[in-house]
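Some notes on the structure that comes next.
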Amino acid sequence: MSTALEKVYEGILDGNAKLVVENVSVALSEDVAPAAILNEGMIAAMGEVGQLFEDGEYFVPEMLIAARAMQKGLEVLKPYLTEDDVQSPGKVVIGTVKGDLHDIGKNLVAMMLEGAAFEVIDLGTDVSPEKYVAAIKESGAQIVAMSALLTTTMPNMKTTIDALVEAGVRDQVKVMIGGAPITQAYADQIGADGYSEDASRAVAKAKALLAPKH
Ligand code: B1M
4 MSTALEKVYE
14 GILDGNAKLV
24 VENVSVALSE
34 DVAPAAILNE
44 GMIAAMGEVG
54 QLFEDGEYFV
64 PEMLIAARAM
74 QKGLEVLKPY
84 LTEDDVQSPG
94 KVVIGTVKGD
104 LHDIGKNLVA
114 MMLEGAAFEV
124 IDLGTDVSPE
134 KYVAAIKESG
144 AQIVAMSALL
154 TTTMPNMKTT
164 IDALVEAGVR
174 DQVKVMIGGA
184 PITQAYADQI
194 GADGYSEDAS
204 RAVAKAKALL
214 APKH
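Residue numbers (the numbering used here): 4 to 217.
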C-alpha cells in the first residue's frame, strides 16, 4: 500500500479529516487509482472502525468523527469517480430509510450514480415511506433506491414498498436496495427489483433495471 493510502486509512481510523483530505490528494497525484483510494483506503478503514466499535474499543463519538473524515475525503475524490459525456440514463430518488441515520454508503451510491449521469434526488436520512412516495410522484423518477445499515431499520424497506403499492406508484418505479445487512435473499423476500453489494455495482444494477427487455 502506498504511504499516502496508509495515511488515508489511518486518518479515517483517527477521525483526522485533515490527514485524509491531504493524503487523498497526494495519492491522486501519485496516480493511485481512485477505486483503490476508495476501497483500500476509505471503505476498509470504516470496516475496521465498525470492528473496533463491536469490540468495545470505539464508541459513537469515534464512529462519528471517522464518518466525518471519510465524508471530507469523499468530497475530494468525487470528481474522479465520474464518467464524462454520458447521456442521462434516468432519474433516481435515493434515501436512507426511516429510523436510520447512516449516510456514507447512500452518499457514495448517489455520487456514483451522478457520476454515471443519472439525475439523483437525494432525500437524505431517516426518510419516511410517505416522503419516498411524494418524491416519486413529484419527480417522475424511474428508480427508488433505499439504503439501510441497521438490522432494526431493514423492515422499513418493506414498509416503503407497501406504501408505494398503497399509493398506486409501485408499477412506475424499480426498487433498488442495499446496505451492510442487506442481501439478495432479503431483496427477493420483500419484493425489491434489485440489490447490490456496493456503490459501483449499484450503478450497473440501476442501468440494468432501466434497460429495455428483449
Ligand atoms: Co453505526 N452501526 N450506529 N454509526 N456504524 C454500524 C452500521 C454497525 C454495524 C457497527 C457495529 O456494531 N459493528 C452497527 C449496526 C449493527 C446492526 O444493526 N446489526 C451500528 C450501530 C449499532 C449504530 C447505533 C445504534 C449506535 C448507538 O447509538 N448505540 C447508531 C444508530 C443511529 C441511527 O442510525 N439511528 C449508530 C450511529 C452511527 C454514527 C452516526 C455514529 C455513524 C454514521 C455517520 C454517518 O453515516 N454519517 C456510524 C458509523 C460510521 C457506522 C459504521 C462504523 C460505518 C458505516 C459506514 O459508513 N461504512 C458501521 C460499521 C460497518 O458498517 N462496518 C456502523 C462505510 C460505507 C461506505 O459502507 O454504508 O455499508 P456502507 O455502504 C456500502 C454498501 O453497504 C453499499 O455500498 C457501499 C459501498 O460501496 N450500499 C448500497 C449502501 N447503501 C446502498 C444502497 C444501494 C446499493 C448499495 O442501493 C440502493
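Just so it is clear, CB atoms sit at the ideal spot from N, CA and C, and this is done for glycine as well. Everything numeric in this text was worked out from a predicted model, so none of it was measured.
In this structure, L212 and D196 form a Cβ contact; the two beta carbons are roughly 6 Å apart against a cut-off of 8 Å. Counting along the chain, the unbroken alpha helix (DSSP H) around K210 starts and ends at 202-213. In this structure, A202 places its C-beta atom within 7 Å of the C-beta atom of L111. Contact between T162 and T128 is absent: CB atoms are separated by about 16 Å, not below the 8 Å threshold. The beta-bridge partner set that DSSP reports for S150 consists of T99, G181. Residue nearest to V172 within the set P132, L67, V63 is P132 (criterion: CA-CA distance). Note on geometry: alpha-carbon atoms of A7 and T85 lie some 22 Å from one another. A contact is defined here as three or more CB-CB pairs under 8 Å, and the segment 154-161 fails this definition with respect to the segment 112-119.
Remark: C-beta atoms of I124 and A113 do not approach each other more closely than 7 Å.
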